Amino acid sequence: MKLQEYQAKRLFGKFGIPVPVGDVATTPAEARAIAEKLGLPVVVKAQVLVGGRGKAGGVKLARTIEDVESHASAILGMDIKGLKVEKVLIDPGADIRHEFYLAAIMDRATRRIAFMASAAGGIDIEEVAATTPEKIIFMRIDPMLGLQEYQAREIAYFISNGLKVEKGIEFTKEQIRQFSQMVKQLYKVYTDTDANLAEINPLVLLGDGTLMALDGKVDVDDNALFRQKELEAERDLSEETDAETEARVAGLTYIDLDGNIGCMVNGAGLAMATMDVIKLYGGQPANFLDIGGGAQADKVAKAIEIILRDPRVKVILFNIFGGITRGDEVAKGILEALKIVNTTVPMVARIVGTRAEEGRALLAEANLVTAETLAEAAQKAVALAKG
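Going by my numbering, the letters in the sequence shown line up with residues 829 to 1215, in that order.
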């Protein structure tokens, strides 16, 4: 679950990270009122869960109250990478002397939290990583020991040396202390919120010599939301499709894609493999859908119903691995579901595992297309999708 910028920065503030004291508006009039309270200049920033807002015209500096209203009017309702802007953040202007990048991420290769930091700016960090990777420090944290004081200082000194190269100046002892403290605070944000990502981009050095997080990004692990109720309540439903919201409420993991082959699979890894094989044979998956364990008729029916909401879907592919779940019980669940959901969309079912043959026989009797292998199932689904 991704947090909007204003939500991420409020979260940072709770953990002691210095952030601008801005507020969110949904109308130009609200934006004007916030700016009058904060004082000019202010920055008007689109709140959408995608990058590249500035390049898309979603971030504007306003030096007059009239500018605040006109910028807010232009940005609200704007389409940025397919997402409609419904809110703008009004932040006080900042006297920026230099921009840095700082993030805590999950290094899946070593199964450890890692810090990435750079003094070569924040907005184009991807370009820095591609062209001058030596300007980025990558530090892994031992999960048994946690972030150590010397590691936080090492990151701060790396940034100070980078600042010397970029600007010809170095951090003072106080700024080293401030940066080290910010690293420790960001680590606590990451661990306490079950995050996959906690990023400050940019972290800036201000004219008065202090450091501040001007922008923030936090991505919370969906599997940990049961113990992050306060954060879960901040989920922005406007960033989800109706189908994704309905699937989440029903206990299904569903993501809309752009193809025409609906997928219903039990297991996230198997679902990804299914999409890969569909692509291999020239098809395009319409969704990622992990139904989880079991195959209760009502859950299968809801999954089929959600898939069929997409008018582009021309065929549904079931790919079920029967481990603990029996293949014949899965088949019965699908058939019961089809009594609930009336559709003429063709379906291909591949069941493997415990009592798979019995399951395929039940489906074949009901005139569903069956397959023994994933390759066979994908080829049949692609052929049906192409008519």
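Every residue gets a Cβ at the ideal spot worked out from N, C-alpha and C, and that includes glycine.
Please read these numbers as outputs of a predicted model, since none were measured by experiment.
If you measure between the beta carbons of G1187 and A1213, is that distance less than 8 angstroms? In the sequence shown, residue 1187 corresponds to position 359, counting from 1. In the sequence shown, residue 1213 corresponds to position 385, counting from 1. Not a contact, by the Cβ cut-off of 8 angstroms.
N1147 by DSSP, collapsed to three states: which one? In the sequence shown, residue 1147 corresponds to position 319, counting from 1. N1147 falls in the strand class under three-state DSSP.
Measuring alpha carbon to alpha carbon, tell me which residue in R838, L1098, D935 and A984 is nearest V849. Your numbering for residue 849 matches position 21 in the sequence shown. Residue R838 holds the alpha-carbon nearest to the alpha-carbon of V849 among R838, L1098, D935 and A984.
Near the ligand ADP: D1104 beta-carbon under 7 angstroms from a heavy atom: With respect to the ligand ADP, the structure shown offers nothing to examine, as it has no ligands at all.
Alpha-carbon spacing of A942 relative to T1019, whole angstroms: Translated into the one-based positions of the sequence shown, residue 942 becomes position 114. Translated into the one-based positions of the sequence shown, residue 1019 becomes position 191. Taking the straight line from one Cα to the other gives about 12 angstroms.
Please tell me whether L1108 and A1131 are closer than 8 angstroms, where the distance is taken between their beta carbons. Stepping through the sequence shown from its first residue, residue 1108 is reached at position 280. Stepping through the sequence shown from its first residue, residue 1131 is reached at position 303. Contact: no.
Proximity of V1176 and L1145 at Cβ, strictly below 8 angstroms: Position 348 of the sequence shown, counting from 1, holds the residue named residue 1176. Position 317 of the sequence shown, counting from 1, holds the residue named residue 1145. A contact, by the Cβ cut-off of 8 angstroms.
Residue from T938, P961 and R925 with nearest C-alpha to M1040: As a first step, residue 1040 is located in the sequence shown; it is residue number 212 there, counting from the start. Across the set T938, P961 and R925, the C-alpha of R925 shows the shortest separation from the C-alpha of M1040.
Using the three-state DSSP reduction, which class does A1206 fall into: helix, strand or coil? In the sequence shown, counting from the first residue as 1, residue 1206 sits at position 378. Three-state DSSP puts A1206 in a helix.
Considering only the alpha carbon of each residue, which of A902, E1072, L975 and D1084 lies closest to A932? One-based indexing of the sequence shown puts residue 932 at position 104. Here the closest residue by C-alpha is L975.
Any contact of the segment 982–1002 with the segment 905–921, i.e. 3+ C-beta pairs under 8 angstroms? no
Pick from L1163, M1100, V871 and G921 that is closest to G1035, judged by C-alpha positions: Position 207 of the sequence shown holds residue 1035. Residue G921 is the option with its Cα nearest to G1035.
Relative to the alpha-carbon of A1206, which residue among Y929, A1101, F1054 and G1161 has its alpha-carbon at the smallest distance? If you number the sequence shown from 1, residue 1206 lands on position 378. Ranking Y929, A1101, F1054 and G1161 by Cα distance to A1206 puts A1101 first.
In chain order, what are the residue ranges of uninterrupted beta strand (DSSP E) at least 3 long that sit wholly in the segment 909–976? 916–920, 924–935, 940–946 and 964–968
Taking a contact to mean a Cβ-Cβ separation below 8 angstroms, would you say I953 touches N1029 in this structure? In the sequence shown, residue 953 corresponds to position 125, counting from 1. In the sequence shown, residue 1029 corresponds to position 201, counting from 1. Cβ atoms of I953 and N1029: closer than 8 angstroms.
Using a 10 Å radius around the Cβ and a threshold of 16 neighbouring Cβ atoms, would you call I1168 buried or exposed? Here residue 1168 is taken as the residue at index 340 of the sequence shown, counted from 1. The residue in question, I1168, is exposed, as its Cβ has fewer than 16 Cβ neighbours within 10 Å.
Between which residues of its own chain and G1151 is the CB-CB distance below 8 angstroms, once the five residues before and five after are set aside? Residue 1151 sits at position 323 when you count from the first residue of the sequence shown. Once the five neighbours on either side are set aside, the close Cβ partners of G1151 are G1181 and T1182.
Do you know how far the Cα of D1086 is from the Cα of E894? Residue numbering aside, residue 894 sits at position 66 when the sequence shown is read from its first letter. Residue numbering aside, residue 1086 sits at position 258 when the sequence shown is read from its first letter. So the alpha carbons of these two residues sit roughly 41 angstroms apart.
Using three-state DSSP, classify P1030 as helix, strand or coil. Taking the first residue of the sequence shown as 1, we reach residue 1030 at position 202. Here P1030 sits in strand by DSSP.
Strand pairing of L889, partner residues [DSSP]: If you number the sequence shown from 1, residue 889 lands on position 61. Answer is V871.
Candidates T855, V876 and A863: which alpha carbon is nearest Y834's? Numbered from 1 along the sequence shown, position 6 holds the residue referred to as residue 834. Nearest C-alpha to Y834: V876.
Ranges of the alpha helix (DSSP H) found wholly within the segment 1127–1200, counting only runs of at least 4: 1155–1168 and 1184–1193
For G867, the nearest candidate out of D851, G879 and V878 (CA to CA): Stepping through the sequence shown from its first residue, residue 867 is reached at position 39. It is D851.
Spatial neighbours of A957 within its chain, please: C-beta separation below 7 angstroms, excluding the five flanking residues on both sides. As a first step, residue 957 must be located in the sequence shown, where it is residue number 129. Within the same chain, and ignoring the five residues on either side of A957 in sequence, the residues whose Cβ sits closer than 7 angstroms to its Cβ are I964.
Taking the Cβ atom as the reference point for each residue, do E1072 and I1089 lie within a distance shorter than 8 angstroms? Counting from 1 along the sequence shown, the entry for residue 1072 is found at position 244. Counting from 1 along the sequence shown, the entry for residue 1089 is found at position 261. Cβ atoms of E1072 and I1089: not closer than 8 angstroms.
Restricting to runs no shorter than 3 residues, where is the beta strand (DSSP E) found entirely within the segment 1033–1087? 1039–1041, 1044–1048 and 1081–1084
Cβ-Cβ distance between A890 and V878 below 8 angstroms: Position 62 of the sequence shown, counting from 1, holds the residue named residue 890. Position 50 of the sequence shown, counting from 1, holds the residue named residue 878. Not in contact: A890 and V878 (Cβ atoms no closer than 8 angstroms).
How would you call L973, buried or exposed, if buried means at least 16 neighbouring beta carbons within 10 angstroms? Within the sequence shown, residue 973 is the residue found at index 145, counting from 1. When all chains shown are included, L973 counts as exposed.
When you compare only the Cα positions, how much space is there between D1156 and A1184? Reading the sequence shown from its first residue, position 328 is the one you call residue 1156. Reading the sequence shown from its first residue, position 356 is the one you call residue 1184. If I take the Cα positions, the gap works out to 6 angstroms.
Beta carbon of N1147, beta carbon of V1093: below 8 angstroms? Looking up residue 1147 in the sequence shown gives position 319. Looking up residue 1093 in the sequence shown gives position 265. A contact, by the Cβ cut-off of 8 angstroms.
Using the Cα positions of E1027 and M1010, report the straight-line distance between them to the nearest angstrom. What you label residue 1027 is simply residue 199 of the sequence shown in a count that begins at 1. What you label residue 1010 is simply residue 182 of the sequence shown in a count that begins at 1. Those two C-alpha atoms are separated by around 12 angstroms.
In its own chain, which residues sit with a C-beta less than 6 angstroms from the C-beta of A1096, not counting the 5 before and 5 after it? Along the sequence shown, read from residue 1 onward, the residue named residue 1096 stands at position 268. Result list for A1096: D1118, in chain order.
Going by the beta-carbon positions, is the gap between G1161 and V1128 smaller than 8 angstroms? Position 333 of the sequence shown, counting from 1, holds the residue named residue 1161. Position 300 of the sequence shown, counting from 1, holds the residue named residue 1128. It is a contact, given that the beta carbons lie within the stated cut-off.
Going by DSSP in three states, P1113 sits in which element: helix, strand or coil? One-based indexing of the sequence shown puts residue 1113 at position 285. Strand.
So the alpha helix (DSSP H) G841 belongs to, where does it begin and stop? As a first step, residue 841 is located in the sequence shown; it is residue number 13 there, counting from the start. Taken as a continuous stretch (DSSP letters only), the alpha helix (DSSP H) holding G841 covers E833 to K842.
Grouping DSSP H, G and I as helix and E and B as strand, with all else coil, what is D1022? Here residue 1022 refers to the residue found at position 194 of the sequence shown. DSSP places D1022 in coil when its eight states are reduced to three.
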